[in-house]
Structures are given as C-alpha cells and as structure tokens.
Amino acid sequence: MKAVVITALGGPEALVLQDAPDPVAGAGEILVKVRYSGINYAETLARRGMVPVPPPPFVVGLEIVGEVAAVGDGVEGFSVGQPVAAFSRSGHAQYAVVSALLAVPLDLAGQAVAPDRAIGVPCTGVTAHQLLTLMGRLSEGETVFVQGAAGGVGTMLGQQAKALGAGKVIGSVGSESKFGFAREHGYDEVMLRDGFVESLKASTGGRGVDLFLEGVSGANLASPGALLAPLGRAIYFGDANFTNDTQVAISPLRSTSLTVAGYSLGGLCTTRPQRWRPSADAVLGMIARGEITETGVTLLHPSEAARAHDLLESRQSQGKLGLDWTAL
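In the UniProt record's numbering, the protein residues as written are 1 to 328.
Structure follows, in structure tokens:
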C-alpha cells in the first residue's frame, strides 16, 4: 500500500508518499480501507520529534474515514464494507488498523453521515465535544471563548458550543481576514489574538468568560483571574507557540473558585478509550440533525502532505485539511 511516511525528524520535506507494509487487524481491531484522512497540528509536533515518537520511518495520521476491510477476533458491531470513521495513530495510508473502541459506523439510525462530512469527527470533532462537555462542563447560557477560532478544532468548537446551548461564543484569530470565516462557524464575536485580553474584558464588561479554551499559547493561562468569571474553567488543549513552561498563579483560583485543567485526546484514547465513542456518536448526531452545518474539508492529494503541514505551521490555513486517498 501507499502511505505518507515520516522519513526523518525535521521539516515538512520529511513527509514522503511511498510504499509501506500492509497492516493486519488483530484481536479487538478493525482494518479500514481509508478514503480520507484528516490532518491535525499534533502530527507536525510528531514530525519534529517534539512529542514521543518511534524512530523514523513511521506513519502518522489521527483520523480516518473509509470502509471496514477486515474485522479482528472478538469485534462486534462492525461488518466488512461498512462505512466508518475512526481515531488512528497511522491514518495517512491506504489502509489503517484501529481499535474497535475508537471507531464508529457512519450508517447508524439518527447519526448517518456521508463520509466526506465525517472527516473531522474522529479527532477535531471529538476534541471539541469533550472540551465543552467532559472537561468544560458547559451549562446553557454560559459564555465561551476559543483561542484559534478559524482552525480545525476552533470551527468545531464554535458550532458545537451553540448546539449545546452557549449564550455567547467569542473567538480569536490571527488576522482580520479570518473574521468572516470564524463567524460562519458559530462565533458571535471575533477579535484579534494580539491584545485579546483587553478586548475580552471590554466584551464581557470586565466579568470574564465562563469557559476559556486555549489551543495556541499556554502563557495566556498564567493569570486566569484576568480571563474568567467566578466558577470559570480554563482548559489548555494545545500550544502552537510552545510555551509549555508557563507557571499558573494559584491564589486567584481559590479566591474566585476557578479551574485550570489540561486535556489531550490522544492521552484519553490511550488510557480511557471507552470515552471516545460517546462523543463521536454525539458529534455525528449534531451533523445529522443540522446543528453542525459547516463540515467542509480542504482535500489535498496524498503527495501534498508536506504542503499541508507547511500551511498549518505557517497559519495560512482555515478550517480542516485532509488527504484524499481515492485520488490514488
């Protein structure tokens, strides 16, 4: 089969479309013939060796959509030829093996979705849902702020927050050219990332927000009292600016009953894989009911994986990027 292989740790040029061994489903797993694979910022960190990875060469890719090609021993609820979406560790390939706990059929009553509308569900969609519910405990009428509103997770967060009853959804972006795109994805108000603290204070009358979702810079959480209303929650789920050594002031957390927490979908899929499917079901249901309407993905040929990583890292992209394996 063909796969996008990280041939060495380094820049985007390390991504090469080449032959790779065909995977085989073991017990508790399914083999998926991949139609589309979603691209996520986390894999750029893997490519640069900034997170634990095996020695090159290896394949990355966290989300796939395709058809079941084989079912391993002990797996129930899946059949050969059935359309599925799944969280994967090596999805940028024509075939991928995934845990049955991290896969969901796309033809179930009440949540049937066309494959091209489900590309972002396994990673960005589930991430957004768990940030808002499992971690953020969003209540109806609350105010949500999202850092990076025009990205893949950001566009899912804006729409899901509205579907889950948020009163006001505010987002930041890197340039004014992304304002309209963010508003199309559920945001009531959009502001520039630079200087967002003062803009946020003005927007909320100094109250702060109930839920602050940070995927750009952990440094923004150093003083949570400046961002959050009493009983507010700040969830740190990514750090594109690599500020992992940020120190959080503790006293303001206690005095105004604030929560600051971290989140990793990859970590949960390893330690609590049973948490994935309920969120995937919920996101598919939102799409099927029309509560999430913008699910478009910019699809590239698998040979353009390096270009996709460059677009992500230079922050030139808007929304979700993916690879179209039907083009081979």
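By construction, the Cβ of each residue, glycine as well, lies at the ideal position given by its N, Cα and C atoms. Note that the structure is predicted; figures quoted are calculated from it, not measured.
Which residues bound the beta strand (DSSP E) around residue i?
{"i": "Phe237", "result": "Counting along the chain, Phe237 falls outside any beta strand (DSSP E), and DSSP gives it neither H nor E."}
{"i": "Ala85", "result": "Pro83 to Phe87"}
{"i": "Ile6", "result": "Lys2 to Ile6"}
{"i": "Phe212", "result": "Val209 to Glu214"}
{"i": "Asp324", "result": "Lys320 to Asp324"}
Assuming contact is defined by CB atoms lying nearer than 8 angstroms, are residue i and residue j in contact in what I supplied?
{"i": "His129", "j": "Gln160", "result": "yes"}
{"i": "Val297", "j": "Leu321", "result": "yes"}
{"i": "Asp324", "j": "His301", "result": "yes"}
{"i": "Ala100", "j": "Ile30", "result": "yes"}
{"i": "Tyr41", "j": "Leu312", "result": "yes"}
{"i": "Leu228", "j": "Gly208", "result": "yes"}
{"i": "Val59", "j": "Val4", "result": "yes"}
{"i": "Glu76", "j": "Val32", "result": "no"}
{"i": "Val197", "j": "Gly171", "result": "no"}
{"i": "Gly136", "j": "Leu211", "result": "yes"}
{"i": "Arg193", "j": "Val216", "result": "yes"}
{"i": "Val97", "j": "Val84", "result": "no"}
{"i": "Ser303", "j": "Leu17", "result": "yes"}
{"i": "Gly141", "j": "Lys162", "result": "no"}
{"i": "Ala118", "j": "Gly74", "result": "no"}
{"i": "Cys269", "j": "Phe87", "result": "yes"}
{"i": "Ala149", "j": "Val126", "result": "no"}
In the DSSP assignment, what residue or residues form a beta bridge with residue i?
{"i": "Ser172", "result": "Gln147 and Met191"}
{"i": "Lys201", "result": "BP columns for Lys201 are empty, so no partner."}
{"i": "Ser99", "result": "Glu29"}
{"i": "Ala70", "result": "Leu31"}
{"i": "Val16", "result": "Val5"}
{"i": "Glu63", "result": "Gly38 and Phe87"}
{"i": "Ala93", "result": "Ala3"}
{"i": "Val104", "result": "Ala85"}
{"i": "Leu228", "result": "Val209"}
{"i": "Phe58", "result": "Ile6"}
In terms of residue numbering, what span does the alpha helix (DSSP H) encompassing residue i cover?
{"i": "Lys33", "result": "No alpha helix (DSSP H) holds Lys33; the beta strand (DSSP E) holding it covers Glu29 to Ile39."}
{"i": "Gly152", "result": "Gly152 to Ala163"}
{"i": "Gln130", "result": "Val126 to Gln130"}
{"i": "residue 366", "result": "This structure does not reach residue 366, given that the chain is present from 1 up to 328, and the question cannot be answered."}
What separation, rounded to the nearest whole angstrom, lies between the Cα atoms of residue i and residue j?
{"i": "Leu138", "j": "Pro21", "result": "44 angstroms"}
{"i": "residue 329", "j": "Glu63", "result": "Residue coverage of the chain in this structure runs from 1 to 328, which leaves residue 329 outside it and unanswerable."}
{"i": "Leu221", "j": "Thr246", "result": "8 angstroms"}
{"i": "Val71", "j": "Ala305", "result": "29 angstroms"}
{"i": "Leu265", "j": "Gly91", "result": "16 angstroms"}
{"i": "Gly262", "j": "Thr133", "result": "14 angstroms"}
{"i": "Gln316", "j": "Ser177", "result": "11 angstroms"}
{"i": "Arg89", "j": "Pro55", "result": "15 angstroms"}
{"i": "Val169", "j": "Gly195", "result": "18 angstroms"}
{"i": "Ala109", "j": "Gly225", "result": "45 angstroms"}
{"i": "Lys2", "j": "Gly61", "result": "14 angstroms"}
{"i": "Gly120", "j": "Ala114", "result": "12 angstroms"}
{"i": "Gly218", "j": "Ala280", "result": "27 angstroms"}
{"i": "Glu291", "j": "Val190", "result": "20 angstroms"}
{"i": "Leu131", "j": "Gly49", "result": "26 angstroms"}
{"i": "Phe179", "j": "Asp188", "result": "11 angstroms"}
{"i": "Gly11", "j": "Glu43", "result": "12 angstroms"}
{"i": "Tyr236", "j": "Ala288", "result": "29 angstroms"}
{"i": "Ala93", "j": "Val34", "result": "7 angstroms"}
{"i": "Val260", "j": "Ile250", "result": "10 angstroms"}
{"i": "Ser314", "j": "Met286", "result": "31 angstroms"}
Closer than 7 angstroms: is that where the CB of residue i sits relative to any heavy atom of the ligand MN?
{"i": "Tyr187", "result": "Annotation note on the ligand MN: not contained in the displayed structure, which lists no ligands."}
**Report entry** Segments assigned beta strand (DSSP E), at least 3 residues, entirely inside the region 240-291
**Finding:** Listed in chain order, they are 259-262.
Query raised in the report: What runs of the alpha helix (DSSP H), each 4 residues or longer, lie entirely inside the region 289-313?
Result: 305-313
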